[in-house]
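The structure appears below as structure tokens.
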Amino acid sequence: MPPKTPDRKSPKIEIQSASVSSAKPPLIDPGSLLSSNDLTIDELRSILELADRLENEDPTQRDKRLFKRRVSLLFYESSTRTRTSFELAAKALGADTSLVSAQSSSIEKGESLKDTGITLRSLGAECIILRSPYSGAPYLLAETTGLPVLNAGDGMHEHPSQALLDLRTILRHLNAGSKVTEKTLADVTITICGDIFHSRVARSNALLLPRLGARVILCGPLPLLPETAAQLAPGIVIERDFDRALAQSDIVMMLRIQAERLAGLALDLEEYKGRYQANTARIAAQAPRALIMHPGPIIRGLEVTSEVADGPQSAIAQQVRNGVAIRMALIMRALASNGLHDVRPGKNGRR
Amino acid sequence: MNPILIRGGHLVDPAAHVDGRRDLLLADGKVAAVDMPGKIKHSAAEIIEAKGLVVAPGLVDIHVHLREPGQSYKETIATGTAAAAAGGFTTVCAMPNTVPVNDSPETTRWMQAPERGAAVRVFPIAAATRGSMGENLTEYGALKAAGAVAVTDDGKPILGDSVMRQALTAAARVNLPVIQHAEDTRLTGGCSMNAGALAFRLGLRGMPVQAESGLVERDIRVLSEIKDSRPHLHVAHLSTKAALDAVRRARRNGLRVTCEVTPHHFALNEEAIANYNTNAKMNPPLRAEADREAMIEGIIDGSIECIATDHAPHALHEKEQEFERAPNGITGLETALGLSIAILHVRHKLPLSRVIALLSSQPAAVLNLKGRGTLAVGSVADVVIFDPQKQWTFRALQSKSRSKNTPFEGWTLQGKIARTISEGRMVYGG
Chain A
1 MPPKTPDRKS PKIEIQSASV SSAKPPLIDP GSLLSSNDLT IDELRSILEL ADRLENEDPT
61 QRDKRLFKRR VSLLFYESST RTRTSFELAA KALGADTSLV SAQSSSIEKG ESLKDTGITL
121 RSLGAECIIL RSPYSGAPYL LAETTGLPVL NAGDGMHEHP SQALLDLRTI LRHLNAGSKV
181 TEKTLADVTI TICGDIFHSR VARSNALLLP RLGARVILCG PLPLLPETAA QLAPGIVIER
241 DFDRALAQSD IVMMLRIQAE RLAGLALDLE EYKGRYQANT ARIAAQAPRA LIMHPGPIIR
301 GLEVTSEVAD GPQSAIAQQV RNGVAIRMAL IMRALASNGL HDVRPGKNGR R
Chain B
1001 MNPILIRGGH LVDPAAHVDG RRDLLLADGK VAAVDMPGKI KHSAAEIIEA KGLVVAPGLV
1061 DIHVHLREPG QSYKETIATG TAAAAAGGFT TVCAMPNTVP VNDSPETTRW MQAPERGAAV
1121 RVFPIAAATR GSMGENLTEY GALKAAGAVA VTDDGKPILG DSVMRQALTA AARVNLPVIQ
1181 HAEDTRLTGG CSMNAGALAF RLGLRGMPVQ AESGLVERDI RVLSEIKDSR PHLHVAHLST
1241 KAALDAVRRA RRNGLRVTCE VTPHHFALNE EAIANYNTNA KMNPPLRAEA DREAMIEGII
1301 DGSIECIATD HAPHALHEKE QEFERAPNGI TGLETALGLS IAILHVRHKL PLSRVIALLS
1361 SQPAAVLNLK GRGTLAVGSV ADVVIFDPQK QWTFRALQSK SRSKNTPFEG WTLQGKIART
1421 ISEGRMVYGG
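Protein chains in written order, with our numbering: chain A, 1 to 351; chain B, 1001 to 1430.
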């Protein structure tokens, strides 16, 4: 009975249809990146290769690529790394950027996400980079504006550009190149440790990495890591003992403990540190060769000590650097897309 | 009002055990005669030819939100009852979460006043506690005298054991059911869908099954402890197997417990949320497939006695928000029959007479609505005439409701309504 929905990744409704009609689901511009699951392996490869090319390109040539094109950053939450690197990425390609943040805009007066998006579109935005405290907000923005939307973190849902820059960091560490396949990470075990429940970075990585063959271990205490997390994707296991997880791991991704979210959860911070902190003794004993990653911001002395964060195994600074290259590629991809059946005002002729 | 003679149709009147070709005469707002085809002669009557059509009691929906008083931008009693008529319903019971909350005889009477322009009969369900705050009981006797047919704090469940005990006891005294929206809200803060792997994947906080089943079990325990009367507990929009099993056990133990299920809880599972479709957001949430299947089983085995829509209109701008910010609820009056026939009758082979009973005589019996939900001679002239074979495509834009928030846009439904007659008046079709 339900009409067929042609969108790519939405879960199937289990009900068989008696017959089918022609209702159209909302359209999302194919240049969007809302979930790391949206990307085929081919698309992943082309994004990684584009990031390589752009990173190595002469800056005076590179900034002609999107000369004077308009990219809007719409940030409903604070951000240092993501916002700055998206902004630098757009500018490195020659695009004009404008930043709207919740505290200094009409959002404070109660303007909806839809109206904010339409306003940005009317001002010439050709792509919106959105960070929102609400899971799924990028879908709403993409559907209501018709523009390509890059998800820069939505609630507890996803942070796909982070997963891509993490992947680039991993590939470079392994000298694996950018020509990824389903088997590129076949012998690689990656532990993601910490507050998985609240982490959009964890979800995007846990969805992405197994598709390249990686074995992903999720590690953390029950209040921060429900058993259902293992069902995110095939190839994910849960190991609550951090030492045992570390001993198997080539890569370790530490997550920030979001102290503001612990209220009400039965979790003792000192006990947490004892069991899950990445410190010198533990890393030396269990994973002396593993790459230590962290999406930031780090709370030094909590999930990771300064010695480890600044130590020789740490890839934290590389991750940030890889962010710019990946985000250049994502912005290029967004603005190169042919768009929807174009009925948007003021857009034709500017491409 | 002219007499109406409905000729040549197939009469399905489960309460009267009629399932065959009959003619039906309506006069003075009542059913005047039921007889074999061609037997009833009436020269002055308006004739309706119902050949090939089913003639059934007007449908009864004991769970709707008509949004008046206070939220007429979502729906009014006039628009909501027009949608009801278009969906074959001739009786709707209006929930008290209006603005202000319907906790008084005055509001209860106001909702039934002719000035509201209702197309079909509206029976208010009044608040069980003042302001639905869960503390002090309203005056059940006075509310009943003003026309209320049950009490509930729908949407704001009664959590306190002692208040629930008082409510059940006081309602039993005046023979009113207590309807509970079974949700332990201490377990559902910040939640916007069913708990489980999909909620985790979508980064949404999930309502556990136990939030529903736990409160149903609590209510049943409180009910079982009341020894000097026999209160009637009705569980609204049941959505989980665990809660349904609790209802089954209570009934086996001789307690007076009834329940309803919505069409969306037997038509959809949580995957309908897809990419954060706010028209698949409601409370209770769409559940896992196993729970959806349990609702079908419960309907087929008779554990669930009614289908109720929980028709909950919301304006477009309210649903066009981030998923967690969008309000709960969907419209349902115009899709209920078509979904019920397509899913329960066509797919699961439930006899049509039982589908009709679930939508008419049984809900009427649950709320003790005398003369409704049947077409026995002398009962109210509430009739729906529909083509049970005809498939049609639901389009929200054509809905009579003021709001269009439905997950069933574009669905092919079965069972097309030709006419709805409320108390002898043609209110839809014709």
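We put the beta carbon where it would ideally sit given N, CA and C, even for glycine.
Alpha helix (DSSP H) segment containing residue i, residue limits
i: Asp1301(B); result: Note, Asp1301(B): premise wrong, no alpha helix (DSSP H); not H, not E.
i: Asp195(A); result: It is not in any alpha helix (DSSP H) - Asp195(A) carries neither H nor E in the DSSP assignment.
i: Leu330(A); result: Ile316 to Ala336
i: Tyr1140(B); result: Tyr1140 to Ala1145
i: Pro1363(B); result: Ser1361 to Val1366
i: Asn205(A); result: Arg200 to Leu208
i: Ile28(A); result: Premise fails: Ile28(A) is in no alpha helix (DSSP H) and is neither H nor E.
i: Ala1148(B); result: No alpha helix (DSSP H) contains Ala1148(B), which DSSP labels as neither H nor E.
Residues that residue i contacts on chain B, provided the C-beta gap is smaller than 8 Å
i: Leu113(A); result: Gln1321 and Glu1322
i: Pro226(A); result: Phe1200
i: Ser132(A); result: Glu1322
i: Tyr371(A); result: With chain A covering only 1 through 351, there is no way to say anything about residue 371(A).
i: Thr97(A); result: Under the 8 Å cutoff, chain B gives no residues; its nearest Cβ is about 24 Å from Thr97(A).
i: Thr144(A); result: Glu1320
Delimiting residues of the beta strand (DSSP E) encompassing residue i
i: Pro1105(B); result: That residue, Pro1105(B), is in no beta strand (DSSP E); its alpha helix (DSSP H) goes Pro1105 to Gln1112.
i: Phe1089(B); result: Phe1089 to Ala1094
i: Ile74(A); result: Before going further, note that residue 74(A) is Leu rather than Ile in the sequence given. Per DSSP, Leu74(A) belongs to the beta strand (DSSP E) from Arg70 to Phe75.
i: Asp96(A); result: Asp96 to Ser101
i: Ile238(A); result: Ile236 to Ile238
i: Arg1251(B); result: It is not in any beta strand (DSSP E) - Arg1251(B) instead sits in the alpha helix (DSSP H) that spans Lys1241 to Arg1252.
Residue(s) in a DSSP beta bridge with residue i
i: Val304(A); result: Ala278(A) and Arg300(A)
i: His1311(B); result: Val1064(B)
i: Val1020(B); result: According to the sequence shown, residue 1020(B) is Gly rather than Val. Note: Gly1020(B) sits in a beta bridge opposite Leu1011(B).
i: Val1384(B); result: Ala1056(B) and Thr1420(B)
i: Gly1429(B); result: Arg1419(B)
i: Asp154(A); result: Ser132(A) and Glu158(A)
i: Leu33(A); result: Leu150(A)
i: Arg1194(B); result: Correcting the residue identity first, residue 1194(B) is Asn in this sequence and not Arg. BP columns for Asn1194(B) point to Met1207(B).
i: Ala1126(B); result: Val1151(B)
i: Leu1413(B); result: Trp1392(B)
Per-residue contacts from residue i into chain A (C-beta, under 7 Å)
i: Arg1252(B); result: Near Arg1252(B) there are no residues of chain A at all, since even the closest Cβ is about 31 Å away, more than 7 Å.
i: Arg1325(B); result: Tyr134
Neighbouring residues, chain A, relative to residue i (Cβ below 8 Å)
i: Leu1202(B); result: Ser135, Gly136 and His157
Selection from the options that minimises the alpha carbon distance to residue i
i: Gly1338(B); options: Gly1329(B), Glu1225(B), Gly1410(B) and Gly1160(B); result: Gly1410(B)
i: Ala1342(B); options: Thr1278(B), Phe1266(B) and Ser1399(B); result: Phe1266(B)
i: Thr281(A); options: Gly296(A), Ala176(A), Ser306(A) and Gln318(A); result: A small fix is needed here, since residue 281(A) is Ala in this sequence, not Thr. Of Gly296(A), Ala176(A), Ser306(A) and Gln318(A), the residue nearest in Cα terms is Ser306(A).
i: Leu1244(B); options: Ser1213(B), Ser1403(B), His1234(B) and Ala1274(B); result: Ser1213(B)
i: Gln103(A); options: Ile331(A), Glu77(A) and Ile217(A); result: Glu77(A)
i: Thr60(A); options: Pro295(A), Ala92(A) and Ser79(A); result: Ala92(A)
i: Ala245(A); options: Ala233(A), Ala285(A) and Glu270(A); result: Ala285(A)
i: Val308(A); options: Met254(A), Leu265(A), Asp268(A) and Ala325(A); result: Met254(A)
i: Ile331(A); options: Ile47(A), Lys179(A) and Ile41(A); result: Ile47(A)
i: Gly1254(B); options: Leu1053(B), Pro1263(B), Glu1225(B) and Val1209(B); result: Glu1225(B)
i: Leu39(A); options: Ser122(A), Leu171(A), Thr116(A) and Val180(A); result: Val180(A)
i: Ala1336(B); options: Tyr1073(B), Ala1015(B), Gly1009(B) and Ala1086(B); result: Ala1086(B)
i: Ser199(A); options: Arg261(A), Glu143(A) and Ile316(A); result: Arg261(A)
i: Ala259(A); options: Tyr272(A), Asn175(A), Val149(A) and Asp29(A); result: Tyr272(A)
Contacts of residue i in chain B (Cβ-Cβ under 7 Å)
i: Gln231(A); result: Ala1197
i: Arg53(A); result: None at all; the shortest Cβ gap to chain B is about 32 Å.
9 Å Cβ cut-off: residues of chain B touching residue i
i: Arg200(A); result: Gly1203
i: Arg121(A); result: Those do not exist, as Arg121(A) stays about 16 Å from chain B at its closest Cβ, beyond 9 Å.
i: Arg240(A); result: Under the 9 Å cutoff, chain B gives no residues; its nearest Cβ is about 17 Å from Arg240(A).
Neighbour list for residue i in chain A, Cβ cutoff strictly below 9 Å
i: Tyr1073(B); result: By Cβ distance, chain A contributes nothing, its closest Cβ being about 16 Å from Tyr1073(B), past 9 Å.
i: Gly1136(B); result: The sequence as given places Asn at residue 1136(B); Gly does not occur at that position. Residues of chain A passing the Cβ test: none, with the nearest at roughly 30 Å.
*Should the stretch 119-132 of chain A be called in touch with the stretch 68-87 of chain A, which here means at least 3 C-beta pairs below 8 Å?*
Three or more Cβ pairs drawn from the stretch 119-132 of chain A and the stretch 68-87 of chain A lie within less than 8 Å of each other, which places the two stretches in contact.
*Contact between the stretch 1354-1368 of chain B and the stretch 1305-1321 of chain B: three or more CB pairs below 8 Å?*
Contact between the stretch 1354-1368 of chain B and the stretch 1305-1321 of chain B is present: 3 or more CB-CB pairs across the two stretches fall below 8 Å.
*asked:* Does the contact criterion of 3 or more C-beta pairs under 8 Å hold for the stretch 1252-1268 of chain B versus the stretch 1091-1104 of chain B?
replied: Contact fails: fewer than three Cβ-Cβ distances are below 8 Å.
*Within the chosen definition, does the stretch 318-326 of chain A reach the stretch 157-167 of chain A through at least 3 CB pairs nearer than 8 Å?*
With the cut-off at 8 Å, the stretch 318-326 of chain A and the stretch 157-167 of chain A touch.
*Pairing CB atoms from the stretch 1101-1109 of chain B with CB atoms from the stretch 1419-1427 of chain B, are three or more of them under 8 Å?*
These segments do not touch.
_Quick check: the stretch 1361-1374 of chain B against the stretch 1056-1065 of chain B, are at least 3 beta-carbon pairs closer than 8 Å?_
Cβ pair count under 8 Å is three or more, so yes.
*Cβ pair count under 8 Å reaching 3, the stretch 1014-1025 of chain B against the stretch 1034-1051 of chain B*: Result yes; three or more Cβ-Cβ pairs closer than 8 Å.
_Sufficient close CB pairs (3 or more, under 8 Å) joining the stretch 1309-1319 of chain B to the stretch 1384-1392 of chain B_ = Touching, no, given that fewer than three Cβ pairs across the two stretches are closer than 8 Å.
*Is there contact between the stretch 187-199 of chain A and the stretch 253-272 of chain A, where contact requires at least three CB pairs shorter than 8 Å?*
Verdict: yes, contact present.
*Does the count of Cβ pairs from the stretch 109-122 of chain A and the stretch 1003-1016 of chain B closer than 8 Å reach three?*
Contact between the stretch 109-122 of chain A and the stretch 1003-1016 of chain B is absent, because fewer than three Cβ pairs lie under 8 Å.
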